[in-house]
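Following: one structure in structure tokens, then a few remarks.
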Amino acid sequence: MTNPVLEGLATAKVSAVHLEMRDTYQPSDPEFIAWQQGERLDPAAERSSWWRPFLDVVAETTARGVAMRRARVVSEPVTDYIRYEYDVTFPNVRAGEQVRWLPRRKAADIALPGTDLWLFDGSSVLFTYFSGVGEVVDREWRTEPDVVELVKSAFEAVWERAIPHEEYRLR
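Count along the sequence shown starting at 1, add 265, and that's the number in my numbering.
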């Protein structure tokens, strides 16, 4: 497997948590561009019209009993990219992932890592590094206990304050 996120999910036994803190990601993403041009996923439509290959991985991972949680720290008012993410999150939830949103002003007193990350089974962290415009430039695995503990603590603090996807309203 060449995708480290998929590797982490494939080997996770208990948990996979994802912390997102940027307001814009990969502006060249064709799905985002289509959304900007007015295309929307319809939750009432045939599942094949909005199901993505990654959601098969989510469904398989959660079916194995792995708890998948995603927390997004967002600026308000939100960017167009966050509006897009919000609109396309319902399939993730249907696949078994729990998603919460935290307005950035409510995270001001939380010690956060400097970049987005995945934490697998509370023991290995995958940091993702981005360019200024939000394109992925590198990823790095870390397992040092102090790094893992910082990530665990930060994620749980965000999760505790964050609003479940079903209740969060964009501003």
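We put the beta carbon where it would ideally sit given N, CA and C, even for glycine.
Using a 10 angstroms sphere on the CB of Ala336, the tally of other CB atoms reaches 16 or more, which defines it as buried.
In the DSSP assignment, Trp300 falls within the alpha helix (DSSP H) that extends over Pro295 to Gln301. For Thr380, the CB contacts under 8 Å within the same chain, skipping 5 residues up- and downstream, are Met286, Phe392, Thr393, Tyr394 and Phe395 in chain order. When Glu400, Leu320 and Trp383 are compared, the shortest CA-CA separation from Leu284 is found for Trp383. For Arg426, the enclosing alpha helix (DSSP H) has its first and last residue at Pro410 to Arg426. If you draw a 10 Å sphere on the C-beta of Ala360, you find 16 or more other C-beta atoms in it, and that means buried. Take the alpha-carbon of Leu274 and the one of Gly399: they are about 23 Å apart.
Looking at the DSSP output, Ala332 shares a beta bridge with Ser280. Nearest C-alpha to Arg317 among Val353, Gly397, Thr289 and Pro429: Val353. For Arg348, there is no enclosing beta strand (DSSP E); the residue is part of the alpha helix (DSSP H) that begins and ends at Asp345 to Asp352.
Annotation for Pro368: the continuous beta strand (DSSP E) segment containing it runs Gln363 to Pro368. The three-state reading of DSSP puts Pro292 in coil, since its state is none of H, G, I, E or B. Val416 and Glu405 have their alpha carbons spaced roughly 14 Å apart.
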